[in-house]
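Just so we're aligned, residue 642 is where the sequence shown starts under this note's numbering, counting upward by one.
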Amino acid sequence: MKIVISMGGSIIASPSPSRNIDIIKDFAKLLVDYYNRGHRLFVVVGGGQLARDYIRVAKELGADERYCDEIGIRATRMNAMLLVAALGKWAYEDILDDIRDDSRLEDDFGISRIFVMGGVRPGQTTDAVAARLASKIKADLLINATNVDGVYDRDPNENPDARKFDKLSYDGLLEIVGEKHRAGVNTVIDPTAARIIREDKIKTIVLNGKRLENLRDAIDGRACVGTVITE
Ligand code: UTP
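See the structure below:
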């Protein structure tokens, strides 16, 4: 299978990467394991606390939305480099600036190594990069690994009564995530990603990236705790 994983920065880099070394190592092991079973793996890493801190300070210093996004993109690439470090010889070392015109994606990437990247351009988050990548390579599965157990009707970190959806339609997802992107704003999937997922009908599972056994269940097609987004 061709699998794209959007790994939230909140999982590997919040409150700081030094607190998540074991998770990064375990996630890298999982990736190598599936790669060696013949899957093609593509991981897009988010910015987490690093992005949020820098964006907040840049805003206070007067930076506009676009500049804040540029700062966020650099944070995602720093985190992506940590995963590359953990994967060693199993990953491509260079973090791509963009996916649009890269012919390597078609022929080689994901075959001879595991592919890792971060953000690419302002106005979106790494979820959108992952969705676009999934669309480009015609992925069999897109996994959005975040810091909650799936898509809820409200933010479960702030509302103890929030209800989780086990399944959601493409339209239902778009209704929940809304329409507009803002730098550093944290929704479970960004609106641009939700639109790509709907347009290209990409099978997507949203789950908690800290529960690696659960991530294995999702990849293996077993029942898992999360939200499955299909037609
Ligand atoms: P993230 O993808 O980490 O977004 O990018 P997030 O939803 O805030 O955080 P996670 O999912 O919990 O990790 C961090 C910020 O970087 C900018 C945006 O400002 C985003 O909020 N960014 C990222 C872009 O502008 N373009 C990209 O392609 C990626």
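For each residue, glycine too, the CB sits at the ideal point set by N, CA and C.
Span of the alpha helix (DSSP H) around residue i
i: V818; result: 811 to 818
i: V847; result: No alpha helix (DSSP H) holds V847; the beta strand (DSSP E) holding it covers 845 to 849.
i: K842; result: No alpha helix (DSSP H) holds K842; DSSP gives it neither H nor E.
With 16 other Cβ atoms within 10 Å as the buried cut-off, status of residue i
i: A864; result: exposed
i: I752; result: exposed
i: T871; result: exposed
i: G819; result: exposed
i: I696; result: buried
i: N661; result: buried
i: R795; result: exposed
i: N800; result: exposed
Backbone CA spacing between residue i and residue j [nearest angstrom]
i: A704; j: S655; result: 23 Å
i: V684; j: D802; result: 32 Å
i: M648; j: L671; result: 13 Å
i: I817; j: I838; result: 14 Å
i: D735; j: M758; result: 8 Å
i: I652; j: G867; result: 16 Å
i: V847; j: E701; result: 33 Å
i: N788; j: I714; result: 19 Å
i: V686; j: T845; result: 17 Å
i: P832; j: L815; result: 7 Å
i: Y733; j: F756; result: 6 Å
i: L723; j: D812; result: 35 Å
i: P797; j: A859; result: 21 Å
i: D738; j: R707; result: 16 Å
Contact belief for residue i with residue j at Cβ below 8 Å, rounded distance in angstroms
i: D781; j: K805; result: That pair is no contact at about 24 Å.
i: A612; j: A769; result: Residue 612 is absent from the structure shown; the chain starts at 642 and stops at 872.
i: G650; j: G688; result: 4 Å
i: V645; j: W731; result: Incorrect: roughly 17 Å between the Cβ atoms, too far for contact.
Among the options, the one whose alpha carbon lies nearest that of residue i
i: I712; options: Y811, S657, K779, Q690; result: Q690
i: M719; options: G760, I740, E840, D674; result: G760
i: K666; options: A727, I644, V792, G862; result: A727
i: T767; options: I830, E840, A699; result: I830
i: K851; options: Y811, D663, D710, S776; result: D663
i: Y676; options: L783, R754, N798; result: R754
i: L774; options: A859, G764, I843; result: I843
i: P658; options: Y708, T717, A699; result: T717
i: L809; options: D710, V869, A721; result: V869
i: L682; options: P763, R693, A771, D710; result: A771
Span of the beta strand (DSSP E), counted from its first residue to its last, around residue i
i: N785; result: 782 to 787
i: L682; result: 681 to 686
i: T868; result: 868 to 870
i: I644; result: 643 to 648
i: V829; result: Premise fails: V829 is in no beta strand (DSSP E) and is neither H nor E.
i: V761; result: Looking at the DSSP string, V761 is not in any beta strand (DSSP E), and its letter there is neither H nor E.
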